[in-house]
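Those sequence lines, one after another, are chains A and B.
With the working numbering applied, the first sequence covers 2 to 113.
With the working numbering applied, the second sequence covers 23 to 139.
For every residue, glycine included, the Cβ atom is placed at its ideal position computed from N, Cα and C.
Structure first, commentary second.
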Amino acid sequence: DGGITQSPKYLFRKEGQNVTLSCEQNLNHDAMYWYRQDPGQGLRLIYYSQIVNDFQKGDIAEGYSVSREKKESFPLTVTSAQKNPTAFYLCASNRDSSYIQYFGAGTRLSVL
Amino acid sequence: AQSVTQLDSQVPVFEEAPVELRCNYSSSVSVYLFWYVQYPNQGLQLLLKYLSGSTLVKGINGFEAEFNKSQTSFHLRKPSVHISDTAEYFCAVSAPPGTGGYNKLIFGAGTRLAVHP
């Protein structure tokens, strides 16, 4: 089945630690996105990529980094500079010609 | 720039009653509009979309929405809800090609629909 796979489902970060969230898609989609979801705030865009080896900052990129070395993969690193990382993180993708984004099941990140 | 306001953070309703979830948007250009549903601890699933044409849009699970340009609204409705409709619903807006922000979605804060027996 085609889709978007996010792993792990739950992740714990120690203070000062960098952690990486995985996002893989087998839909052959060009564009990929990372969102952060906090209660009562909807989804906020962290980073997006419309093509391999290129990505742009979204509205809340500070404290995060990404790479897009392969079309299928768009990992997100939450760095130690992100002081409030506890949230639900969602990865999405779409074909370049489409406005419909497909979402993964999410990763819930908590701080120990 | 676009923005989206979902007027109700929570909507309680009894099973088999009708429901309306309200969404207003702000934009200086024409927009595309979407409703997504999120079940607990899951990703988002597209319910319906408005790109152009008929202002009444039908989606999955018996939901429909009406685009009202003069009132800048895109309210979601269902004539009879089920317990299984309990979820969080997000309204989103996107700018069409050539207007900037292509393919980027701006989401509202969400409305939690709670269906009671």
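- Out of A/Met33, A/Arg96, A/Ile61, point me to the one whose CA is closest to A/Ser23's CA. The residue given as residue 23 of chain A occupies position 22 in the first sequence. Nearest option by C-alpha distance: A/Met33.
- Task: Count the other C-beta atoms from every protein chain shown that fall within 10 angstroms of the C-beta of A/Leu113, then say buried if there are 16 or more, exposed otherwise.
- Result: Translated into positions along the first sequence, residue 113 of chain A becomes position 112. The residue is exposed, with fewer than 16 neighbouring Cβ atoms inside 10 Å.
- Task: Please report how far the alpha carbon of B/Cys113 lies from the alpha carbon of B/Tyr58, in whole angstroms.
- Result: Numbered from 1 along the second sequence, position 91 holds the residue referred to as residue 113 of chain B. Numbered from 1 along the second sequence, position 36 holds the residue referred to as residue 58 of chain B. Whole-angstrom Cα-Cα distance: 6 Å.
- Message: Using beta carbons (cut-off 7 Å, strictly below), is B/Leu98 in contact with chain A?
- Response: By 1-based counting over the second sequence, the position of residue 98 of chain B is 76. No, its Cβ sits nowhere closer than 7 Å to a Cβ of chain A.
- Which whole-angstrom value is the C-beta distance of A/Gly43 and B/Gly130, which I expect to be below 8 Å? In the first sequence, the residue the question calls residue 43 of chain A occupies position 42. In the second sequence, the residue the question calls residue 130 of chain B occupies position 108. Yes, A/Gly43 and B/Gly130 are in contact; Cβ-Cβ is about 5 Å, under 8 Å.
- Query: Taking the alpha carbon of B/Ser106 as the point to measure from, which residue in B/Val79, B/Val137, B/Lys80, B/Lys71 has its own alpha carbon closest?
  - Reply: As a first step, residue 106 of chain B is located in the second sequence; it is residue number 84 there, counting from the start. Checking every option, the nearest Cα to that of B/Ser106 belongs to B/Val137.
- Item | contact_flag[the segment 65 to 82 of chain B, the segment 98 to 113 of chain A] where n(CB pairs < 8 Å) is 3 or more | yes
- Message: Quick check on the DSSP output: the beta strand (DSSP E) that includes B/His104 runs from which residue to which?
- Response: Sequence index remark: in the second sequence, residue 104 of chain B carries index 82 (1-based). No beta strand (DSSP E) holds B/His104; DSSP gives it neither H nor E.
- Query: Going along the segment 87 to 100 of chain A in order, which residues come within less than 7 Å of chain B, judged by CB to CB distance?
  - Reply: Leu91, Asn95, Tyr100
- Query: With a Cβ-Cβ cutoff of 7 Å, do A/Arg69 and A/Ser50 count as a contact?
  - Reply: Walking along the first sequence from the start, residue 69 of chain A turns up at place 68. Walking along the first sequence from the start, residue 50 of chain A turns up at place 49. Cβ atoms of A/Arg69 and A/Ser50: closer than 7 Å.
- Message: Distance check for B/Glu38 and B/Pro139, CA to CA, integer angstroms please.
- Response: If you number the second sequence from 1, residue 139 of chain B lands on position 117. If you number the second sequence from 1, residue 38 of chain B lands on position 16. The straight-line gap from Cα to Cα measures roughly 9 Å.
- Within 7 Å (strictly less), CB to CB, does B/Ser116 reach chain A? One-based indexing of the second sequence puts residue 116 of chain B at position 94. Closer than 7 Å: yes.
- Item | B/Tyr111 vs B/Thr94 beta-carbon contact at 7 Å | Here residue 111 of chain B refers to the residue found at position 89 of the second sequence. Here residue 94 of chain B refers to the residue found at position 72 of the second sequence. No, these two residues do not count as a Cβ contact at 7 Å.
- Query: Which same chain residues, not among the five before or five after B/Tyr47, have their C-beta less than 8 Å away from its C-beta?
  - Reply: For the purposes of this step, residue 47 of chain B is taken as the residue at position 25 of the second sequence. These residues qualify, in order along the chain: Gln24, Ser25, Val26, Thr27, Val53, Leu55, Thr94, Ser95, Phe96, Cys113, Val115.
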